[in-house]
Amino acid sequence: MSYMIGMWSFSFILRFFDLQRILTVLAGLATVLMYLFINGSPEHMPWFILTLGFFSSAIYTSLITLGSQQTKVSSPKLVNFVLTCGTIGTMLTFVVTGPIVAASGPLAALQTANGLYAVVFVMCIILGFVSRHRQHGAQAGSH
Numbered sequence: 002m003s004y005m006i007g008m009w010s011f012s013f014i015l016r017f018f019d020l021q022r023i024l025t026v027l028a029g030l031a032t033v034l035m036y037l038f039i040n041g042s043p044e045h046m047p048w049f050i051l052t053l054g055f056f057s058s059a060i061y062t063s064l065i066t067l068g069s070q071q072t073k074v075s076s077p078k079l080v081n082f083v084l085t086c087g088t089i090g091t092m093l094t095f096v097v098t099g100p101i102v103a104a105s106g107p108l109a110a111l112q113t114a115n116g117l118y119a120v121v122f123v124m125c126i127i128l129g130f131v132s133r134h135r136q137h138g139a140q141a142g143s144h
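Listed below in structure tokens is the structure:
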């Protein structure tokens with residue numbers, strides 16, 4: 002439910018912020034919230050997972066939008082490529098976590114997911130140095 006509310010909320014909120022910066026903040030929050038969910042006390046777990054769902058709901062949509070803004074003219078092929086990568090990544094979640102759960106248990110799978118959130122956070126920071134969405138947005142606005 003919080004994921005759905007987050008999708009609705011962020012569809013409005015995201016237009017007021019720089020997409021790369023908000024994506025970095027969301028990935029950082031998701032990393033911290035996932036860590037707190039894994040290591041927190043049981044009475045706080047529902048709050049951590051609800052908050053995680055809310056904030057992580059905008060990550061995928063933001064990545065699609067940010068990816069399409071890396072070129073001057075966003076082509077349907079580029080958007081389809083980004084969507085395909087996201088779909089394959091979603092399907093791989095079960096392929097990757099299944100053996101982890103079988104070999105090491107659910108906690109190891111959660112820790113792996115937390116590590117992947119941290120990787121996304123670091124990649125978002127690196128993206129800030131090479132992203133072209135600001136210059137392409139400024140060029141589109143001046144025409």
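Just so we're aligned, residue 2 is where the sequence shown starts under the working numbering, counting upward by one. Note that beta-carbon positions come from the ideal geometry of N, C-alpha and C, so glycine has one too.
For ASN115 and ILE39, believed in contact at Cβ under 8 Å, the rounded distance | 6 Å
What are the boundary residues of the alpha helix (DSSP H) that GLN70 is part of?
-> Taken as a continuous stretch (DSSP letters only), GLN70 belongs to no alpha helix (DSSP H), as it is neither H nor E.
Roughly how many whole angstroms lie between the Cα atoms of MET8 and ILE14?
-> 10 Å
Exposure label - CYS86; buried when at least 16 CB within 10 Å = exposed
With 16 other CB atoms within 10 Å as the buried threshold, where does LEU67 fall?
-> buried
Span separating the alpha-carbon of HIS144 from that of LEU27 | Confidence in HIS144 is poor, its pLDDT being 43 and thus under 50, which makes the residue's placement unreliable; the coordinate value appears in the next sentence. Rounded to the nearest angstrom, the two C-alpha atoms are 31 Å apart.
How many Å lie between THR52 and THR113 at the Cα?
-> 19 Å
Check whether the Cβ atoms of LEU20 and PHE56 sit closer than 8 Å, and answer yes or no.
-> no
Assign PHE17 to buried or exposed, taking buried as 16 or more other Cβ atoms, counted over all protein chains shown, within 10 Å of its Cβ.
-> exposed
Cutoff 6 Å; reference CYS125; Cβ partners in own chain excluding five residues on either side = LEU24, THR25, ALA28
Reducing DSSP to helix, strand and coil, say where PHE18 ends up.
-> coil
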